[in-house]
Amino acid sequence: MTSERPAPDIIMTARDLTLRRDGVTLLDSVSAKIRHGSITLLLGHNGAGKTLLLNCLHGLIGCDAGTITGPPLARQKMVFQKPIITRRTTGDHLRFLCPKLDNATIHEWLRRAEMDRRANAPARMLSGGEQQKLALIGALAARPDILFLDEPTAHLDFAATRFVETMVRQAHEDGMTIVMTSHNRTQAERLGEDVILLDSGRIVETAPADRFFSTPSHPLAKQYLAHL
298 MTSERPAPDI IMTARDLTLR RDGVTLLDSV SAKIRHGSIT LLLGHNGAGK TLLLNCLHGL
358 IGCDAGTITG PPLARQKMVF QKPIITRRTT GDHLRFLCPK LDNATIHEWL RRAEMDRRAN
418 APARMLSGGE QQKLALIGAL AARPDILFLD EPTAHLDFAA TRFVETMVRQ AHEDGMTIVM
478 TSHNRTQAER LGEDVILLDS GRIVETAPAD RFFSTPSHPL AKQYLAHL
């Protein structure tokens with residue numbers, strides 16, 4: 298289903314993705330293009346299909362029909378809303394995520410996350426915000442071509458949210474392509490360059506973020522923004 302040759306300015310393309318479960322269509326002929334080096338926001342109400350589409354693009358869920366072109370899986374990373382944490386120390390968990398990094402680089406990433414003093418603490422004993430920061434730096438340190446983020450700041454406090462957004466901006470400035478879901482309008486406006494709005498498993502509007510938030514064209518987009 299996945300190949301590696303999208304157009305030069307497009308890093309990933311989905312064509313007619315369809316996903317059905319128990320007779321219910323969860324994704325309905327979804328087609329989208331992700332621009333190289335962009336921050337693309339997948340928006341929509343709960344149940345719209347945002348996380349499903351994210352998982353399909355990353356190859357975690359196979360679709361019943363459709364094609365995806367993009368970087369190989371080894372050049373992709375994903376950070377989940379609830380991070381997966383191993384039974385290791387914080388430092389060893391980061392080494393597990395990025396086995397090619399030397400100790401100095403591991404320490405520098407922990408320092409950037411203000412977690413260098415927690416390097417020997419059990420990773421599973423970290424707070425929710427610290428675990429999310431650890432998952433994020435683990436993904437960023439691998440320097441993927443494309444990074445998927447599923448509600449990366451859900452349930453985080455202000456400081457952790459600010460850290461995540463700062464790291465996302467820096468990664469974007471370094472040329473990384475980022476696709477993320479969010480229910481936070483102000484966050485989406487701060488970070489987004491492109492917006493894909495889903496409703497009931499279908500894409501109802503695709504637009505540059507500034508145009509989407511100022512003058513959405515589809516009635517469902519206007520309704521969504523009025524209640525976001």
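Final position of the sequence shown in our numbering is 525; the numbers increase by one with none missing. We put the CB at the ideal spot given by N, CA and C, even for glycine. Computed from a predicted structure; not experimentally measured.
Cut-off 8 angstroms between Cβ atoms - residues of its own chain near residue i, not counting five sequence neighbours on either side
i	result
Asp454	Gly426
Pro368	Glu301, Ile308, Met309, Pro441, Asp442, Ile443
Leu431	Pro380, Ile382, Thr387, His390, Leu391, Ala410, Met412, Ala420, Leu423
Arg466	Leu488
Asp306	Arg332, His333
Ile500	Val327, Ser328, Ala329, Ile493, Leu494
Bridge-paired residues (DSSP) for residue i
i	result
Thr337	Val476, Asp491
Ile307	Arg332
Arg318	Val321
Asp496	Arg499
Thr386	Pro419
Phe445	Met375, Val476
Val327	Leu314
Ala504	Val492
Nearest-angstrom Cα separation, counted from residue j out to residue i
i	j	result
Arg385	Asp399	17 angstroms
Ala523	Arg414	44 angstroms
Asp496	Ala401	46 angstroms
Arg508	His515	12 angstroms
Close Cβ partners of residue i (< 7 angstroms) along its chain, the five nearest in sequence each way excluded
i	result
Asp313	Ser326, Ser328, Ala362, Gly363
Gly334	Gly472, Thr474
Cys395	Gly435, Ala438, Ala439
Sub-8 angstroms separation of residue i and residue j beta-carbons
i	j	result
Val476	Ile331	yes
His324	Gly498	For the record, residue 324 in the displayed sequence is Leu; it is not His. Their beta carbons are under 8 angstroms apart, which means Leu324 touches Gly498 by this criterion.
Thr478	Leu351	yes
Glu502	Ala485	no
Ala416	Leu407	yes
Phe460	Leu354	no
How do the region 484-492 and the region 336-348 stand: do at least 3 beta-carbon pairs fall below 8 angstroms, yes or no? yes
With a cut-off of 8 angstroms, do at least 3 Cβ pairs link the region 427-447 to the region 373-384? yes
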